[in-house]
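A.B. asks: Numbered by this note's numbering, the letters in the sequence shown go through residues 57 to 415 in order. Backbone N, C-alpha and C fix where the C-beta goes; we use that ideal spot for every residue, glycine too. Because the structure is a prediction, the values reported are computed rather than measured.
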Amino acid sequence: MRAYNFSAGPAVLPESVLRQAAAEMLDWHGSGMSVMEMSHRGPEFVAIHAKAEADLRTLLAIPANYRVLFLQGGAIGENAIVPMNLARGFATASYVNTGEWSKKSIKEAGKYLKVAVAASAEDRSFSYVPPQSAWRVAPGSAYVHVCTNETIGGVEYHWTPDTGDVPLVADMSSHILSRAVDVAKYGVIYGGAQKNIGPAGLTIVIVRDDLLDRALPICPSAFHWQEQAAADSMLNTPPTYAIYVAGLVFEWLLAQGGVAAIERRNVAKAKLLYDYLDASAFYRNPVAPADRSRMNVPFRLRDESLDGAFLKGAEERGMLQLKGHRSVGGMRASIYNAMPVEGVQALVDYMREFERRHG
Ligand SMILES: *Cc1c(COP(=O)(O)O)cnc(C)c1O
């Protein structure tokens with residue numbers, strides 16, 4: 057029996073996608089091969105790759121002047137790859153610091169250019185998104201970088217920054233495809249697949265055409281967006297199986313009604329959990345209500361000595377991977393697209409039962 061899996065990543069995938077991948081494992085569409093065994097340049101895989109890109113473009117309504125790249129290296133890789141691709145002719149980039157993932161991006165970018173912190177939420181333990189009126193973008197910035205969903209802190213942008221002529225670069229790893237997004241407001245959107253899309257190993261980069269000629273000469277070819285765009289992301293061997301499974305997830309999302317439909321479900325799922333957290337004195341979530349993540353919901357028990365018992369009881373009831381990130385402790389429920397509302401309801405029912413017994 058499959059459990060309800062609240063992992064922050066790698067994370068739950070739709071059961072129907074896993075079943076289809078299993079059914080096609082040994083012989084994909086009569087080809088006599090697994091997708092894992094195919095040449096990335098053969099007609100079968102080229103078709104899988106093209107369909108995945110087309111479906112992602114449909115789901116996010118990606119304008120024609122943006123390129124979609126399927127790369128490797130993860131979002132942590134992109135922390136270096138972004139400045140290597142955008143810094144030529146610039147000395148500085150501005151970063152907004154909303155938590156652990158922003159901090160990692162800032163540290164890495166500092167190897168390639170001068171980082172100016174345009175705003176930081178560190179003054180209140182990263183429990184909110186600094187409003188744009190408080191941002192100070194450094195003059196001459198190559199770009200402004202944001203992390204639009206802090207997976208560890210559970211803080212999400214519910215608005216789109218406006219950085220004028222300075223390109224906006226966003227790490228959307230943990231909420232891409234969970235909500236509608238106006239791609240045209242961004243210069244670059246990137247994310248690892250293993251949170252809300254598919255298996256680890258695939259990194260998605262969506263980049264506006266005019267930003268493709270700003271790479272530093274040291275930028276490796278495998279991470280050079282212009283070279284990869286010219287080669288249809290096949291300058292090196294792409295993560296073929298991860299692209300295939302991501303493609304199945306895109307088909308699943310389209311069948312669900314697309315991003316608008318999944319967003320409505322995500323709003324309802326998050327409300328179910330936050331409403332219960334707010335009504336209870338036994339649990340608490342530290343994030344400003346207007347900036348709470350719909351995808352990653354960190355919470356603490358009033359009495360932390362009960363953490364172990366809480367997790368053990370959850371596991372016995374088939375609810376897995378609820379332990380909070382090691383840097384913050386407590387609990388975290390990640391409720392990505394593939395988490396059904398029944399899973400969130402089961403968690404709330406268990407939390408209520410646990411509170412009754414221990415409160
Ligand atoms: C998980 C995550 C990362 C790191 O991804 P890797 O694949 O480990 O490189 C970076 N940013 C955010 C927002 C994440 O959720």
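Quick one: using the 10 Å Cβ neighbour count with 16 as the cut-off for buried, is Lys251 buried or exposed?
C.D. replies: Locating residue 251 in the sequence shown gives position 195, counting from the first residue. So Lys251 counts as buried.
A.B. asks: Apply the 10 Å Cβ neighbour rule to Met94 and answer buried if 16 or more other Cβ atoms are within range, or exposed otherwise.
C.D. replies: As a first step, residue 94 must be located in the sequence shown, where it is residue number 38. So Met94 counts as buried.
A.B. asks: Answer yes or no: do Val343 and Gly209 have a C-beta to C-beta separation smaller than 9 Å?
C.D. replies: The residue labelled residue 343 in the question sits at position 287 within the sequence shown. The residue labelled residue 209 in the question sits at position 153 within the sequence shown. A contact, by the Cβ cut-off of 9 Å.
A.B. asks: Which whole runs of the beta strand (DSSP E) in the stretch 337-375 are 3 residues long or more, in chain order?
C.D. replies: List check, beta strand (DSSP E) in window: 352-357.
A.B. asks: Quick check: what's the CA-CA separation for Phe146 versus Val239?
C.D. replies: Stepping through the sequence shown from its first residue, residue 146 is reached at position 90. Stepping through the sequence shown from its first residue, residue 239 is reached at position 183. When rounded, the distance between both Cα atoms is 24 Å.
A.B. asks: Helix, strand or coil for Glu80 per DSSP?
C.D. replies: As a first step, residue 80 must be located in the sequence shown, where it is residue number 24. If DSSP states are grouped into helix, strand and coil, Glu80 belongs with coil.
A.B. asks: Can you name, in chain order, every residue of its own chain whose Cβ lies under 7 Å from the Cβ of Gly314, other than the five neighbours on each side?
C.D. replies: Sequence index remark: in the sequence shown, residue 314 carries index 258 (1-based). Once the five neighbours on either side are set aside, the close Cβ partners of Gly314 are Leu115.
A.B. asks: Rounding to the nearest angstrom, what Cα-Cα distance links Ser87 and Ala103 in this structure?
C.D. replies: On the sequence shown, position 31 is the one that residue 87 refers to. On the sequence shown, position 47 is the one that residue 103 refers to. Near 13 Å, if we compare the C-alpha coordinates of Ala103 and Ser87.
A.B. asks: In three-state terms, what does DSSP make of Ile318?
C.D. replies: Reading the sequence shown from its first residue, position 262 is the one you call residue 318. Ile318: helix per DSSP, three-state reduction.
A.B. asks: Starting from Thr296, trace the beta strand (DSSP E) in both directions and tell me its first and last residue.
C.D. replies: Against the sequence shown, residue 296 aligns to sequence position 240. No beta strand (DSSP E) contains Thr296, which is instead part of the alpha helix (DSSP H) from 296-311.
A.B. asks: Cβ atoms of Phe101 and Thr259: under 9 Å apart, would you say?
C.D. replies: Within the sequence shown, numbered from 1, the residue matching residue 259 stands at position 203. Within the sequence shown, numbered from 1, the residue matching residue 101 stands at position 45. Taking 9 Å as the Cβ cut-off, Thr259 and Phe101 do not qualify as a contacting pair.
A.B. asks: Which residues does DSSP pair with Leu224 in a beta bridge?
C.D. replies: By one-based count along the sequence shown, residue 224 stands at place 168. Paired residues: Val200.
A.B. asks: So for Gly248, helix, strand or coil by DSSP?
C.D. replies: As a first step, residue 248 is located in the sequence shown; it is residue number 192 there, counting from the start. Strand, per DSSP.
A.B. asks: Does the stretch 259-270 come into contact with the stretch 124-137, if we say contact requires no fewer than three beta-carbon pairs (one atom in each stretch) closer than 8 Å?
C.D. replies: Verdict: yes, contact present.
A.B. asks: Which residue from Val400, Ala311, Ser361, Gly374 puts its Cα closest to that of Asn352?
C.D. replies: Residue numbering aside, residue 352 sits at position 296 when the sequence shown is read from its first letter. Comparing Cα-Cα distances from Asn352 to each of Val400, Ala311, Ser361, Gly374, the minimum goes to Val400.
A.B. asks: Just to confirm the assignment: which complete alpha helix (DSSP H) runs, minimum length 4, are found wholly within the stretch 64-121?
C.D. replies: Counting only runs of 4 or more, we get 71-79, 99-116.
A.B. asks: Determine the burial state of Met387: buried for a count of at least 16 other Cβ atoms within 10 Å of its Cβ, exposed for fewer.
C.D. replies: The residue you call residue 387 lines up with position 331 of the sequence shown. By the 10 Å Cβ count, Met387 comes out buried.
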